[in-house]
Amino acid sequence: QKCSVCNILICFILECSGAILYQCQHCFVISGVLAQENIVGDPHAQGSSYIAASYVKYLESAGARVVPIRYVLLLPGGGVDLQTSQFSRLSKIFLLLLFHARVLSSRPTDYFPIWGMCQGLQQMTVLTSNKNLLTPTETKAVALPFTFTPGQRQHCAFPRDLLLSLSEDNITSKFHSWSLSLQLQHFYTFLPWKGLYTNRYPFYAVQWHPEKSPFEWVDKPGMVHSAASVRASFYTAHFFVSEVKNNFLFATVAW
């Protein structure tokens, strides 16, 4: 009887351990952020490359852990050249490898979300079109509302009151001098809150900076810290991290 009880307990423990391990594999969310090179001669630069802390906090706020590029990817904002910089070169290599892997494989573990932000969006469009389709705009250091076209609101995962704030109030921070041409509509779908996304791949990008509202406190034009802007940041981060959870390709369980 004692042996039977022991066997039952061991089986129960193993089953529970397996359940916990399975849950951990599905709740550990890891996102890579691509570093970019420092400007030569910058007195504030530490090392040859950097990742802004606000991008790390942005992803962590939605439950992800940030590591060097391993599983899923956020392409950050910045001001490097989109065709000649190290950032551009590494982005191109990485995305080419990713496209090649997805074409050759249909495994569910190969679900690989990418989130581009400002410069990241611009870089994705340059790589997609194989040329620069950006046009100059007066959108440097300014906060603006979204412009929704008919039917776009129904695709948005934001609460109704937040949608109203996004469409009426200046709460989305813009820090770019170049904006995207609509010539890429054959590959990307445009929605204000996502910026753009593809129907075939889990690739998303925004031209504004949702990470700045809750995590950057530099006093300059374009910075917004209202409750609505912070909520918008949370919902975009939560959306991407939810996409990240669809990728379960882990070599080992991380603790």
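Going letter by letter, the sequence shown gives residues -18 to -1, 1 to 237 in mature numbering (1 follows the signal peptide of the UniProt record, and there is no 0). For glycine and all other residues, C-beta sits at the position ideal for the given N, C-alpha and C. What you are looking at is a predicted structure, and each value in this text was computed from that prediction instead of being measured.
Nearest to residue i (by Cα), restricted to the options the options
i      : options                        : result
Tyr183 : Ala34, Val226 and Cys100       : Val226
Trp97  : Ser208, Phe140 and Gln189      : Gln189
Pro141 : Leu16, Ala210, Val15 and Ala27 : Ala210
Phe216 : Phe128, Ser43 and Val11        : Ser43
Thr121 : Glu150, Ser111 and Phe157      : Phe157
Ile33  : Asp24, Gly23, Pro25 and Val49  : Val49
Leu16  : Lys113, Ser111 and Met99       : Met99
Supposed close pair residue i, residue j - CB separation, criterion 8 Å
i      : j      : result
Trp160 : Gln104 : 6 Å
Tyr37  : Glu193 : 6 Å
Ile153 : Ala123 : The Cβ separation is near 15 Å, so there is no contact.
Ser147 : His191 : Actually they are not in contact, since the Cβ atoms of Ser147 and His191 sit about 17 Å apart, beyond 8 Å.
Cutoff 8 Å; reference residue i; Cβ partners in own chain excluding five residues on either side
i      : result
Ser30  : Glu19 and Asn20
Ala35  : Phe197
Ala27  : Asn20 and Ile21
Arg52  : For Arg52, the pLDDT reaches just 39, beneath the cut-off of 50, and the residue's location in the model is therefore unreliable, leaving the point undetermined.
Lys113 : none
Limits of the unbroken alpha helix (DSSP H) element including residue i
i           : result
residue 246 : Given a span of -18 to 237 for the chain in the structure shown, any question on residue 246 remains unanswerable.
Leu41       : Ala35 to Glu42
Tyr217      : Ala209 to Val226
Phe197      : Lys194 to Phe197
Arg142      : Arg142 to Glu150
Residues near residue i in its chain [Cβ-Cβ closer than 6 Å; skip 5 each side]
i      : result
Tyr93  : Asn228 and Asn229
Ser208 : Ile153
Tyr40  : Glu193 and Ala219
Pro95  : Val54, Pro184, Glu225 and Val226
Ser195 : Val206, His207, Ser211, Val212 and Ser215
Own chain partners of residue i with C-beta closer than 7 Å, once the 5 adjacent residues on each side are dropped
i      : result
Pro203 : Ala123 and Val124
Pro118 : Ser159 and Trp160
Val11  : Gly45, Ala46, Arg47, Val223, Val226 and Lys227
Asp151 : Pro127 and Ala210
Asp201 : none
Interface flag, residue i vs chain B, CB-CB below 9 Å
i      : result
Ser147 : No chain B is present in this structure, which holds just one protein chain.
Residue i - containing beta strand (DSSP E), residue span
i           : result
residue 242 : The structure shown does not extend to residue 242, since the chain is modelled only from -18 to 237, so the question has no answer here.
Ser155      : Thr154 to Phe157
Pro118      : Leu116 to Pro118
residue 242 : An answer regarding residue 242 cannot be provided, because it is not within the stretch -18 to 237 covered by the chain.
Phe185      : Phe185 to Val188
Ala46       : Here Ala46 belongs to no beta strand (DSSP E), and DSSP marks it neither H nor E.
Ala125      : Lys122 to Leu126
Residue i CB to nearest heavy atom of the ligand PLP below 8 Å
i      : result
Arg142 : The ligand PLP is absent from the structure shown, which contains no ligand whatsoever.
| said: Any contact between the stretch 116 to 133 and the stretch 216 to 226? By contact I mean 3 or more CB pairs, one from each, below 8 Å. | reply: no
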